[in-house]
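Under this note's numbering, the letters of the sequence shown match residues 10 to 252, in that order.
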Amino acid sequence: MRCRVIGMWGGYPKENGPCSGYLIEQGNFSVLVDCGSGVLMEVQKYIDLNDINHVMLSHYHYDHSSDIGAYLFSRLVNTKIGRANEHLQIYGPNDEDIKRKVEEVEYSKFSSFNEKSEIHIGPFTFTFLRNIHPVETYSIKIESENSKIVYTSDTSYMKELIDFAEEADLLIVESSLYEDMDGSSSGHMNSKEAGLLASQSKAKKVILTHLPHYGDLENLLKSARNEGNENIDLATPGMLIEL
Ligand code: ZN
């Protein structure tokens with residue numbers, strides 16, 4: 010299994026860096042997890058949009074989902090001109106408005122998931138944990154035969170994440186805030202909490218994501234590593250992690 014970081018900025022994209030998006034692949038099979046602002050343009054550096062038929066959305070904040078509308082139109086156009094022959098399957102938390110918006114565009118379908126769901130897509134199994142965030146949001150675990158990726162999406166620190174992420178081969182953990190900032194009230198983690206989760210879960214490799222646009226990110230990284238797991242790096246657009 011491999012993970013390509015497409016984007017990792019919290020809130021809004023930078024000039025050359027999108028918001029959340031991760032391309033999870035094994036062999037020729039690809040699933041896009043989150044599709045925030047800037048992702049649809051950036052992901053085409055690595056794969057044809059018609060070669061992704063499954064998109065998993067952790068929640069519907071714009072920095073995780075806003076490019077999905079254009080993705081639906083791309084599938085519509087490419088099906089009509091004969092370049093795509095499968096529908097685009099979108100998965101996300103239950104939301105009638107989103108389902109209607111997805112399915113009113115021809116050649117796209119929507120399926121919802123919740124904490125009890127187990128979704129099998131190609132070589133992957135997806136399971137979910139409900140987060141602490143202002144809207145319904147899930148941490149996502151992706152397992153293949155030999156490896157396991159856990160992506161926290163957006164959440165305040167919570168103990169349930171330790172088990173959920175236990176011994177993940179790759180933990181993609183949000184670190185929206187610096188150590189001296191409070192995440193518990195905003196539905197986010199600071200760098201100390203992200204580092205703590207990395208350490209407590211014994212994740213084998215960790216990347217910090219959903220990064221802030223201000224401050225010195227090296228300090229963010231240092232603070233996370235201080236919690237005991239040294240195998241932590243900052244996510245960057247284009248970063249490839251092979252498991
Ligand atoms: Zn959010």
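Glycine residues also receive a C-beta, built at the ideal position from the N, C-alpha and C atoms.
Since we're looking at a predicted model, the values are computed, not measured.
- Per the coordinates, the alpha-carbon of Ser-117 lies some 7 Å from the alpha-carbon of Arg-84.
- The beta carbon of Val-159 lies closer than 6 Å to those of Lys-150, Ala-174, Ala-177, Leu-180 in the same chain, with the five residues before and after it left out.
- When DSSP assignments are scanned along the stretch 188-244, the uninterrupted stretches of beta strand (DSSP E) that are 3 or more residues long and fall wholly within it turn out to be 215-218, 241-243.
- Separation of Glu-227 and Leu-49 (C-alpha to C-alpha, rounded to the nearest whole angstrom) is 28 Å.
- Counting only residues whose CB is nearer than 7 Å to a non-hydrogen atom of the ligand ZN, the list in chain order is His-68, His-70, Asp-72, His-73, His-142, Val-144, Thr-146, Asp-163, Gly-196.
- Val-52: member of the alpha helix (DSSP H) spanning 48-52, first to last residue.
- When the beta-carbon positions are compared, Ser-162 and Ser-75 stay at least 8 Å from each other.
- Distances from the alpha-carbon of Leu-243 to those of Asn-235, Ile-216, Trp-18, Asp-225 put Ile-216 closest.
- Taking C-beta separations shorter than 8 Å and ignoring five residues to either side along the sequence, the partners of Glu-169 in its chain run Leu-138, following chain order.
- As DSSP reads the structure, Leu-180 sits in a beta bridge with Val-159, Val-215.
- The continuous stretches of beta strand (DSSP E) do not include Glu-105, which lies in the alpha helix (DSSP H) extending over residues 105-112.
- When DSSP reads this structure, Thr-136 sits in a beta bridge with Glu-127, Lys-150.
- Nearest to Cys-44 by alpha-carbon distance, out of His-96, Gly-26, Lys-125, Phe-38, is Gly-26.
- Under DSSP, Ser-39 takes part in a beta bridge, and its partners are Glu-34.
- Within the same chain, Cβ atoms closer than 8 Å to the Cβ of Asn-94 are found at Thr-88, the five residues on either side in sequence being excluded.
- For Gly-78, the enclosing alpha helix (DSSP H) covers residues 77-89.
- In this structure, the straight-line span from the alpha carbon of Asn-62 to that of Glu-24 is close to 27 Å.
- Within the same chain, Cβ atoms closer than 6 Å to the Cβ of Lys-201 are found at Glu-188, Ser-232, the five residues on either side in sequence being excluded.
- Between Phe-119 and Met-65, the beta carbon gap of about 12 Å keeps them out of contact (Cβ cut-off 8 Å).
- Non-local C-beta neighbours of Lys-108 in its own chain, meaning closer than 8 Å and more than five positions away in sequence, comprise Phe-119, Ser-121, ordered along the chain.
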